[in-house]
Amino acid sequence: MSTAVMETPAASRVHYLNANYGIKSWLFTTDHKRIALLWLGSITFMFFIGGAAATLIRLHLIEPTGALVQPATYNKLFTIHGVVMIFFFLIPSIPAVLGNFLVPLMVGARDLAFPRINLLSWYLYIIGAIFVLYAILTGGVDTGWTFYTPYSSTYAHSQVIATALGVFIVGFSSILTGLNFIVTIHKMRAPGLTWFRLPLFIWAIYATSIIQILGTPVLAITIFLLGLERLLHVGIFDPAIGGDPILFQHLFWFYSHPAVYIMILPGMGVISELIACFSRKRVFGYAMVAYSSMAIAVLSFLVWGHHMFVTGQSVYAGLIFSVLSFMVAIPSAIKVFNWTATLYKGSISYDAPMLYALGFIGLFTMGGLTGLFLASLAVDVHLTGTYFIVAHFHYIMVGGAVMAYLGGIHFWWPKITGRLYPDGWARFAALIIFVGFNLTFFPQFVLGYLGMPRRYAVYPAEFQVLNVMSSAGASILGIGYLIPLIYLIWSIRYGPVAGPNPWGAKGLEWETPSPPPTENFEEIPVVTEEAYAYAEPEDGSHG
Amino acid sequence: MSGTFNFLLAAVADPWFGFPIKPEDASTTASSVDHLYYFLTALTLFFTFSIFTTIFYFMVKYRRRSPDERPKAIETSTALEVTWTVIPVMLCAFAFIWASSLYFRNSRPPNASMEVFVVGKQWMWHLQHPEGAREINELHVPVGVPVKLTMTSEDVIHDFSIPVFRIKHDVIPGRYSSIWFQATKTGTYHFYCAQYCGAEHSGMIGWVYVMTPTDYANWLSGGSRGESMAQAGERLFTQLGCITCHVADGTGRGPVLQGLYGHPVKLRSGETRVVDEAYVRQAIVNPNSMPLPDYPPIMPTFQGQVNEEQVLQLIAYVKSLGTVEKGTAK
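Chains L and A, in that order, are what the protein sequence lines are. Residues in the first sequence are numbered from 1 upward in steps of one, following my numbering. Residues in the second sequence are numbered from 1001 upward in steps of one, following my numbering.
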């Protein structure tokens, strides 16, 4: 589309990838784009570890008596799956990979505010991951990712401390990343880039960062207290030594519910970018979409009690948490309506990133609406602790966050690598993932209402048909995730050269060559228009 | 109106092409929970279908016809934004009120409930009836009678879940929680542990037997060993030596327990507490945490010497020493 930049072959031009070579130039880099690639490699590795655990879980559940492993091993599998996917894939996914790469480019800066702290974030992640991998290799951990006390603090005979330490350390990585983004967005925007000219991805990352720096310290405190009780028998959570097990749940969910929004808000930001680009329209209700991100960030801290409707918190506390949980659904609904309205009278193309975005809207809508069941007190009593919960949060975190992550990777891949991937394969993979996902998780809604509890290594025979359906879907989903891995790696070497702006997209990141030079922009751009100014015909003055 | 509604629901719901999509409804509250569930399902289907259809329609109608297309910008409409904010708010408010009133109504057991005591431990359920019958991983109850379960755990957190009654509640060490139900159909139904509790979590399941009142009475007399919970408690009370201090005529070193249950008691801290199950349990396992003004704090803890089932028996004994009617205690 954009022909104003003369495209020289990527090989002969100096950019961030070929500016220097050697392992040291990567491990000691402070370039946000290189750090983003370090993250991409690390979280992809962890994704496939978590995915391997999921594969074994679904294989095991083909038989009601358990087809594969002993119950104790099964418990370790779902714990590994949860810990790895949540703390080591979903939470860092969009912020640490796409956010790292894009925040400076989108705000017209040469790097993040604190490049060395940015590198430190990645090292903290690696140290945390090493602890967790060590725990897996030396016997595993069987507490569930929720570490409920007093099971985790007193009764579990597995690698609780190593795992908890890994999660504790990776939390600081998350805090530092959030801090870096907040400072960068406040202080380093290009001239003319006012708050309401920012891409909605930046708004979403900003809202996410606020949750990261306010919520994650509470997780650190909680894990610290858990360690104190397990190692030194200080009575905090175990009633046998004077503690209160429910206190742990309050502390844990005070972080872990907002953490759900750390996972989904950046995805919403990605979707806004994709929908605008592939319908060539400014996002409908731009300000409402931006405000709704901030509303979600605030409300997310006030709904943790909905995880505890059956623990014995008072009926009145239940009522308050229920009404607040309904309220947090509203800004999400507003976003979905605005994205749909953006398509109206647009110029819609069906490139692969757009298919992921549309898949996101569908799956996120279902995930969000099934959340209303769980906000509804009387229905939650029946559904909590069952497969309905599992289905619901996978619709949000896999149907939502992972779809958005993959959509974003496909959208910005040409910018990151300078290469295009085979679009046909990419669309095919998007379709396979959408179908496989629904086959895997839809039956679990039914299983949940029928009453099948989650985290069961063996289960009554009447649930087998739905479990087999779910496992069959998972095999399709698994293939769907492998296909992009193959063609994306292939494209790095063999893909056609992308050019600076293959989608004809708006945004500062598209006004610099692909891959961008180390300093991002030859000259810091001056912004004179709103985000998503697709309506004006291009006059060649921008990029 | 509600008859038609129920008929329509029955037509679409269970079974669905011979395939069950909901558990049997076997309690007085089950079908009311189902109705709310159907409403939420209808809401979900309506919005999902509307959004899918709209997206699909726009995708076809506004598909890109030439690479140079530059659609006109469309101004944001405040009226639209308000509309699609207010409608979900109203629907959520409706669902909230419906769900909460149902929950609130179900939160208190009727006064005439019969009681069963449940102790969860890794990895089995111990249940005892006041009349003395004890069972493991089985719960026998009569149909048509409200049943209150008073539950605690010997070790980690468990959760007692009976899907056909649409109830569950966490079973927490160190405290009593309770749920209640009134079964409407005789039959045999699953109950589960629904809170992950370790290696054999998925083995911690059992059966509820809902029986006719006659069958239940027969079962109860057959199952008991001639000793009620209160009698078992009395035996413990003597064995453990409680009786040497808690003397009925007031000459002992400890307070008189006769007629105490259900009464308010003033602690040395100035706090006033009503003697209930939690109070008696705390007095047994951790007496030093609640010294009384007129007695020296000399009672030893019985933590570790009695298990949770025995604590429940001691409570039953204290209760049997005379209570005041609920309502007058306040």
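Ideal Cβ placement from N, Cα and C applies to all residues, glycine included. Since the model is a prediction, treat every value here as computed from it, not as a measurement.
Across the set Leu102(L), Gly144(L), Pro104(L) and Arg13(L), the C-alpha of Gly144(L) shows the shortest separation from the C-alpha of Thr73(L). Shown here, Gln444(L) sits in a helix according to DSSP, grouped into three states.
A check of alpha carbon separations from Thr1078(A) across Ala287(L), Met188(L), Ala129(L) and Val234(L) identifies Ala287(L) as the nearest.
Judged by DSSP secondary structure, Phe1160(A) falls within the beta strand (DSSP E) whose first and last residues are His1158 to Ile1162. Checking the DSSP bridge columns, you'll see Asp1170(A) partnered with Asp1159(A).
Here Tyr1189(A) is buried, its C-beta having at least 16 other C-beta atoms within 10 Å. Within chain L, no residue has its CB atom less than 9 Å from the CB of His1246(A), the nearest being about 25 Å off. Residue contact check for Ser1177(A) against chain L: a CB pair falls below 8 Å. Looking at the DSSP output, Ala1183(A) bridges to Ser1027(A). For His1126(A), the enclosing beta strand (DSSP E) begins and ends at Met1124 to Gln1128. In the three-state DSSP reduction, Tyr421(L) falls in the coil class, being neither helix nor strand.
According to the DSSP assignment, Ser256(L) belongs to the alpha helix (DSSP H) that extends over Pro245 to Ser279. Here the region 14–33 of chain L does not lie against the region 83–94 of chain L, with fewer than 3 beta-carbon pairs under 8 Å apart. Around Gly1270(A), the same chain offers no residue with a beta carbon nearer than 6 Å, after the five sequence neighbours per side are excluded. Between Tyr1176(A) and Met1151(A), the gap from beta carbon to beta carbon is short of 8 Å.
Note: Trp1207(A) is bridge-paired with Glu1138(A) and His1190(A) in the DSSP secondary-structure output. Annotation: the continuous alpha helix (DSSP H) that includes Leu228(L) extends over Leu200 to Leu232.
The beta carbon of Ile334(L) sits closer than 8 Å to some beta carbon of chain A.
The Cβ atoms of Gln1122(A) and Ile1157(A) lie no closer than 8 Å to each other.
Identification of chain L residues near Glu1131(A) by a Cβ-Cβ cut-off of 7 Å yields none; the smallest Cβ-Cβ distance measures about 27 Å. Apart from sequence neighbours up to five positions away, the residues of its chain that approach Leu377(L) with a beta-carbon distance below 7 Å are Phe309, Gly318 and Ser322, ordered along the chain. The region 1131–1141 of chain A and the region 1237–1252 of chain A do not touch, with fewer than three beta-carbon pairs separated by less than 8 Å. Look at the region 49–132 of chain L and you find these whole runs of alpha helix (DSSP H), each 4 residues long or longer: 71–85 and 100–107. With three or more CB-CB distances shorter than 8 Å, the region 292–309 of chain L counts as touching the region 368–384 of chain L.
For Val381(L), the closest Cβ of chain A is nearer than 8 Å. No Cβ of chain L is located within less than 8 Å of the beta carbon of Glu1234(A). For Phe1117(A), the enclosing beta strand (DSSP E) starts and ends at Met1114 to Lys1121. Sequence-ordered contacts of the region 287–300 of chain L with chain A read Ala287 and Met288 [C-beta pairs closer than 8 Å]. Measuring C-alpha to C-alpha distances from Ile1055(A) to each of Ala404(L), Val497(L) and Ile361(L) identifies Ile361(L) as the nearest. Judged by DSSP in its simplified three-state form, Ser1100(A) adopts helix. With a threshold of 16 other beta carbon atoms within 10 Å, Arg1281(A) meets it and is buried. Val1275(A) sits away from Phe1302(A), with the two beta carbons spaced by 8 Å or more. In the DSSP assignment, Val1265(A) falls within the unbroken beta strand (DSSP E) covering Pro1264 to Lys1266. Assignment of beta strand (DSSP E) within the region 271–331 of chain L, counting only whole runs of 3 or more residues, yields no such run.
For Gln1182(A), no CB of chain L lies under 8 Å from its own CB, so it is not counted at the interface with that chain.
With a beta-carbon spacing of about 6 Å, Gly418(L) and Val497(L) fall inside the 8 Å limit used to define contacts.
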